[in-house]
Each structure stands twice: as C-alpha cells, then as structure tokens.
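Each number in my numbering comes from the position in the sequence shown (counting from 1) with 15 added on.
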Amino acid sequence: NGKTKTLGKSGRLPIPYREPWLNNDYGVIVNGNEIRCLINNQWVLKYNTEEMPKSGGIGLKTWDATPAYSEVSVKGLTAESIGD
16 NGKTKTLGKS
26 GRLPIPYREP
36 WLNNDYGVIV
46 NGNEIRCLIN
56 NQWVLKYNTE
66 EMPKSGGIGL
76 KTWDATPAYS
86 EVSVKGLTAE
96 SIGD
C-alpha cells in the first residue's frame with residue numbers, strides 16, 4: 016500500500032576489491048518468517064519477524080556521491096517457490 020519499512024542493514028559485503036560492483040548476483044530468500052539477503056550466494060543479512068506479510072515486493076537502492084556512478088543494469092529476475 017505504498018509503505019516501506021527497512022528491516023536491517025549490513026556492513027558485511029563480500030564484494031571483490033577490483034571492479035567491486037561489476038557482475039554480482041543479488042538474491043533474497045524468504046522462508047516462513049525468515050528473510051535472507053545474499054550477494055554472490057553468500058548471505059549478508061538475516062532477519063526474522065513475526066509480522067511477515069503474505070505479499071509484497073523487494074527494492075534495490077544504490078548511492079554514490081557522483082550520480083552517474085550509481086547506475087545499475089538488471090540482466091534478469093527470477094522468483095520461485097521453495098515449497099512449504
């Protein structure tokens with residue numbers, strides 16, 4: 016309904032030193048009341064909540080002091096059920 020809520024932030028980023036934001040895979044796994052955020056298949060943030068909504072979405076936010084440096088290209092998006 017147009018509302019957003021930040022559930023957590025992580026300083027743990029498994030990003031390579033050279034070309035740090037080039038060709039990385041980002042993921043979100045939701046299972047029951049647990050949410051895990053992943054970068055290159057390594058989880059960087061885990062959150063548990065009793066208030067898990069039954070529907071919703073995800074967002075990606077980028078930032079850099081130079082606006083042109085915060086651009087992102089999305090090459091693909093996959094959503095799949097992991098079962099009960």
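We treat Cβ as the ideally placed atom computed from N, Cα and C, and that holds for glycine.
Using the C-alpha atoms, what's the distance from residue j back to residue i?
i	j	result
L53	D40	8 Å
E65	V43	18 Å
G17	N48	21 Å
W58	V45	12 Å
R51	G74	14 Å
Counting along the chain, where does the beta strand (DSSP E) carrying residue i start and finish?
i	result
E49	E49 to I54
L41	Before going further, note that residue 41 is Tyr rather than Leu in the sequence given. First-last of the beta strand (DSSP E) with Y41: Y41 to N46.
V59	Q57 to N63
Do residue j and residue i count as a contact pair if the criterion is CB distance below 7 Å?
i	j	result
Y14	G23	One cannot answer for residue 14 here, as it falls past the ends of the chain, which runs 16 to 99.
According to DSSP, simplified to helix, strand and coil, what is residue i?
i	result
A83	helix
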